[in-house]
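Chains as they are written, first to last, in this note's numbering: chain A, 1 to 88; chain B, 1 to 207.
Backbone N, C-alpha and C define an ideal beta-carbon position, used for all residues, glycine too.
Treat the numbers as computed from the prediction; the structure is a model and nothing was measured.
Here's the structure we're looking at; comments come further down.
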């Protein structure tokens, strides 16, 4: 990724590039660099894919029933156990 | 805030901080039902142990219940709860590893990231290759390999979907430190996944 001097610049800006913290001019510069630098393109593509895969495979944010029940008991909120908050 | 810890169905009103301050127990129960899922998931991902994660979950809401009077609303309820949970989870890790979550790990987490080495293009692998049971296990194991300071940043930002700013607030770090750690974590994971999927790629290409 370091054959081209601009590759270093991209590397420094990688996180901002993914998190939308770059100004438009630099973004465009990166985009056009990616058209001509295969290594940078692969690093960026596989980085994006890595983040995507973790998104896709993340478990749903729900407590198993037993865990929820014990939590409510610990907090002395048993009377509210039946108030299902799942769904609408 | 751009996180997905905001699972109110649109028909439900927002949690009322005023009601919580007045000791409204049913409102606290609603707070628990709103945020216990994401908190449990986070604890499970940090600790990789259901019993420890459940302890962290209970301790988090127990402390929230005790401390709700001092919550002034300067951060969101979500950020406040995440902060308590992360501290509890890191303490749990320290207890388990007997002090191995050390200052060294923190110093290491803040070092300049290394440039990526693996440049195999495995994005073209079909979804069924990317998401096999084995691949999913590999993904989980790779996160576990991250040192706790990096793991926590990655989970908050890329799994829980907190913004950089909210992650920084949750962890009491500067945004720059969050970005550095996040980049290190993502580079590490990308490297691990590249090694793994490169092999799959070779197998797929075999005649």
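Between residue 196 (chain B) and the set A:50, A:80, A:58, A:14, the nearest pair of CA atoms involves A:50. Distance check between residue 43 (chain A) and each of B:189, B:200, B:201 places B:189 closest, using alpha-carbon atoms only. By the Cβ-count criterion, residue 114 (chain B) is exposed, with fewer than 16 other Cβ atoms from all chains shown falling within 10 Å of its own Cβ.
Secondary structure at residue 174 (chain B): coil, using DSSP grouped into helix, strand and coil. Interface flag for residue 45 (chain A) against chain B is set, since a Cβ pair is found closer than 8 Å. A straight-line Cα-Cα distance of about 57 Å links residue 38 (chain A) and residue 21 (chain B). Pairing residue 149 (chain B) with residue 22 (chain A), the inter-Cα distance amounts to about 25 Å. Annotation: residue 67 (chain A) to residue 33 (chain B) spans about 12 Å, alpha carbon to alpha carbon.
The C-beta separation of residue 89 (chain B) from residue 56 (chain B) comes to about 5 Å, placing the pair in contact by the 8 Å criterion.
When the Cα atoms are used, residue 30 (chain B) and residue 14 (chain B) turn out to be separated by approximately 10 Å.
Taking the Cα positions, residue 64 (chain A) is about 15 Å away from residue 45 (chain B).
Ranked by Cα distance from residue 81 (chain B), the options B:180, B:58, B:95 are led by B:58.
Chain-ordered listing is empty here: chain B has no CB closer than 8 Å to the CB of residue 9 (chain A), the nearest sitting near 12 Å. Residues of chain A whose Cβ lies closer than 8 Å to the Cβ of residue 133 (chain B) do not exist; the shortest such Cβ separation is about 11 Å.
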